[in-house]
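Participant: Residue numbers (the numbering used here), protein chains in the order written: chain A, 1 to 117; chain B, 118 to 234.
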Amino acid sequence: EAGVVQSPRYKIIEKKQPVAFWCNPISGHNTLYWYRQNLGQGPELLIRYENEEAVDDSQLPKDRFSAERLKGVDSTLKIQPAELGDSAVYLCASSPPTLAGVTDTQYFGPGTRLTVL
Amino acid sequence: AQSVAQPEDQVNVAEGNPLTVKCTYSVSGNPYLFWYVQYPNRGLQFLLKYITGDNLVKGSYGFEAEFNKSQTSFHLKKPSALVSDSALYFCAVRDSNADGNNRKLIWGLGTSLAVNP
Numbered sequence: 001e002a003g004v005v006q007s008p009r010y011k012i013i014e015k016k017q018p019v020a021f022w023c024n025p026i027s028g029h030n031t032l033y034w035y036r037q038n039l040g041q042g043p044e045l046l047i048r049y050e051n052e053e054a055v056d057d058s059q060l061p062k063d064r065f066s067a068e069r070l071k072g073v074d075s076t077l078k079i080q081p082a083e084l085g086d087s088a089v090y091l092c093a094s095s096p097p098t099l100a101g102v103t104d105t106q107y108f109g110p111g112t113r114l115t116v117l
Numbered sequence: 118a119q120s121v122a123q124p125e126d127q128v129n130v131a132e133g134n135p136l137t138v139k140c141t142y143s144v145s146g147n148p149y150l151f152w153y154v155q156y157p158n159r160g161l162q163f164l165l166k167y168i169t170g171d172n173l174v175k176g177s178y179g180f181e182a183e184f185n186k187s188q189t190s191f192h193l194k195k196p197s198a199l200v201s202d203s204a205l206y207f208c209a210v211r212d213s214n215a216d217g218n219n220r221k222l223i224w225g226l227g228t229s230l231a232v233n234p
């Protein structure tokens, strides 16, 4: 079974430029997460989707970040314009449908390392 | 409020010796607890989780963790460390009673494990 796929793996851009990350979750996983991970830190949730609905975007900086998951499968995370402080690894994760009371193990992609110059 | 702490930034252990990576948590309800491992330039990999039942949970690569409710801990252990176990380890917790925007994992800052040959 293929894991979570992310592209690109690395991206270097100058500040004020736009950038987009793509994620393809594990087949059948209805929940998709975007995280940001700074060096030496744990993951920070940016947005969580249940199918095509964003159910938690409370940590997404909406002035410059946007995300979409139009058909409830692939997802794109965009930053426009990028700032120096956006340099980080952007992780995508997915989890399968759960029964009531059973929690969801998240499976992560390899991440996209963004460097903003 | 939910929180998780990994009190050690780094753990050093000799190959063949037992290892322990510590994690303590705070939730208002019953916890769901997870351990993930991150190798250099890789995404996070699921190791094991505690949902309910037996306090000793066995996971991938020979790792296990013991849930201790009275001490609110979920320490990761392995009887005999390998050099290849050297990586960054993250503990995460979710309150089983959480819903909505609170239904998300809270991550520790990570512990760097170095296994010396």
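By construction, the Cβ of each residue, glycine as well, lies at the ideal position given by its N, Cα and C atoms. Model, not experiment: these values are computed from the prediction.
1) Identify the residues that DSSP records as bridge partners of residue 107 (chain A): which are they?
2) Alpha carbon to alpha carbon, what distance is there between residue 79 (chain A) and residue 9 (chain A)?
3) So residue 167 (chain B) packs on residue 204 (chain B), CB below 8 angstroms; how close in whole Å?
4) Need the endpoints of the beta strand (DSSP E) that residue 117 (chain A) sits in, please.
5) Kindly indicate if chain A contains any beta-carbon less than 8 angstroms away from that of residue 225 (chain B).
6) State the DSSP-derived secondary structure class of residue 156 (chain B), mapped to helix, strand or coil.
7) Check residue 73 (chain A) in the structure and name its three-state DSSP category.
8) If the cut-off is 7 angstroms on Cβ atoms, which residues from the region 55-69 of chain A count as contacting chain B, listed in chain order?
9) My understanding is that residue 82 (chain A) touches residue 75 (chain A), with C-beta atoms under 8 angstroms, so please give their C-beta distance in whole angstroms.
10) Between the Cα of residue 188 (chain B) and those of B:139, B:135, B:126, spot the shortest distance and give me the residue it belongs to.
11) Taking all protein chains shown into account, decide if residue 173 (chain B) is buried (16 or more other Cβ within 10 angstroms of its Cβ) or exposed.
12) Identify every run of the beta strand (DSSP E) within the region 179-212 of chain B, keeping only runs that are complete inside it and at least 3 residues long; order them along the chain.
13) Which bits of chain B does residue 21 (chain A) rub up against, with CB to CB less than 8 angstroms?
14) Residue 140 (chain B) lies in the beta strand (DSSP E); which residues open and close that run?
15) Please check the pair residue 137 (chain A) and residue 52 (chain A), which I expect to be a contact at CB under 8 angstroms, by giving their CB distance rounded to whole angstroms.
16) For the putative contact between residue 194 (chain B) and residue 124 (chain B), defined by C-beta atoms under 8 angstroms, what is the C-beta separation to the nearest angstrom?
17) Going by C-alpha distance, which of A:105, A:39, A:17 is nearest residue 26 (chain A)?
18) Can you tell me whether residue 56 (chain A) is helix, strand or coil according to DSSP?
19) Counting C-beta neighbours from all protein chains within 10 Å, is the total for residue 200 (chain B) 16 or more, i.e. buried, or is it exposed?
20) Measuring straight from C-alpha to C-alpha, what distance separates residue 116 (chain A) and residue 231 (chain B)?
21) Distance cutoff 8 angstroms, beta carbons only. Does residue 207 (chain B) sit that close to anything in chain A?
22) Between which residues of its own chain and residue 101 (chain A) is the CB-CB distance below 8 angstroms, once the five residues before and five after are set aside?
23) Taking only the alpha-carbon atoms, compute the straight-line gap between residue 177 (chain B) and residue 191 (chain B) and give it to the nearest angstrom.
24) Are the CB atoms of residue 146 (chain B) and residue 197 (chain B) within a distance shorter than 8 angstroms?
Facilitator: Walking through what the data contain:
1) One-based indexing of the first sequence puts residue 107 (chain A) at position 107. For residue 107 (chain A), which the question treats as bridged, DSSP gives the partners A:94.
2) Counting from 1 along the first sequence, the entry for residue 9 (chain A) is found at position 9. Counting from 1 along the first sequence, the entry for residue 79 (chain A) is found at position 79. The straight-line gap from Cα to Cα measures roughly 16 angstroms.
3) What you label residue 167 (chain B) is simply residue 50 of the second sequence in a count that begins at 1. What you label residue 204 (chain B) is simply residue 87 of the second sequence in a count that begins at 1. Going by Cβ atoms, the distance from residue 167 (chain B) to residue 204 (chain B) rounds to 20 angstroms, so no, they are not a contact pair.
4) The residue you call residue 117 (chain A) lines up with position 117 of the first sequence. Careful: residue 117 (chain A) lies outside any beta strand (DSSP E) and carries neither H nor E.
5) Taking the first residue of the second sequence as 1, we reach residue 225 (chain B) at position 108. True, the Cβ-Cβ gap to chain A drops below 8 angstroms.
6) One-based indexing of the second sequence puts residue 156 (chain B) at position 39. Three-state DSSP puts residue 156 (chain B) in coil, outside helix and strand.
7) Residue 73 (chain A) sits at position 73 when you count from the first residue of the first sequence. Correct three-state label for residue 73 (chain A): coil.
8) 56, 58
9) By one-based count along the first sequence, residue 82 (chain A) stands at place 82. By one-based count along the first sequence, residue 75 (chain A) stands at place 75. Actually they are not in contact, since the Cβ atoms of residue 82 (chain A) and residue 75 (chain A) sit about 19 angstroms apart, beyond 8 angstroms.
10) Taking the second sequence and counting its residues from 1, one reaches residue 188 (chain B) at position 71. It is B:139 whose Cα lies nearest to the Cα of residue 188 (chain B).
11) If you number the second sequence from 1, residue 173 (chain B) lands on position 56. By the neighbour-count rule (16 or more Cβ atoms within 10 Å), residue 173 (chain B) is not buried but exposed.
12) 181-185, 190-195, 204-212
13) Counted from its first residue, the first sequence places residue 21 (chain A) at position 21. Simply none; closest approach about 13 angstroms.
14) For the purposes of this step, residue 140 (chain B) is identified with residue 23 of the second sequence, where counting begins at 1. Counting along the chain, residue 140 (chain B) falls outside any beta strand (DSSP E), and DSSP gives it neither H nor E.
15) Residue 137 (chain A) falls outside the range modelled here, since chain A spans only 1 to 117, and no answer is possible.
16) Here residue 194 (chain B) refers to the residue found at position 77 of the second sequence. Here residue 124 (chain B) refers to the residue found at position 7 of the second sequence. Contact flag wrong, Cβ pair sits at about 15 angstroms.
17) For the purposes of this step, residue 26 (chain A) is taken as residue 26 along the first sequence, with counting starting at 1. Ranking the options by Cα distance to residue 26 (chain A), first place goes to A:105.
18) Taking the first sequence and counting its residues from 1, one reaches residue 56 (chain A) at position 56. Note: residue 56 (chain A) maps to strand in three-state DSSP.
19) Position 83 of the second sequence, counting from 1, holds the residue named residue 200 (chain B). That one is exposed.
20) Counting from one through the first sequence, the residue named residue 116 (chain A) turns up at place 116. Counting from one through the second sequence, the residue named residue 231 (chain B) turns up at place 114. Residue 116 (chain A) and residue 231 (chain B): Cα-Cα distance of roughly 30 angstroms.
21) Along the second sequence, read from residue 1 onward, the residue named residue 207 (chain B) stands at position 90. So, interface residue.
22) Here the question's residue 101 (chain A) lines up with position 101 in the first sequence. Because residue 101 (chain A) carries a pLDDT of 49, less than 50, the predicted location of this residue cannot be relied on, and the following value inherits that uncertainty. So no residue of the chain qualifies.
23) Within the second sequence, residue 177 (chain B) is the residue found at index 60, counting from 1. Within the second sequence, residue 191 (chain B) is the residue found at index 74, counting from 1. Their Cα atoms are separated by approximately 16 angstroms.
24) Position 80 of the second sequence, counted from the first residue, corresponds to residue 197 (chain B). Position 29 of the second sequence, counted from the first residue, corresponds to residue 146 (chain B). For residue 197 (chain B) and residue 146 (chain B), no; Cβs fall outside 8 angstroms.
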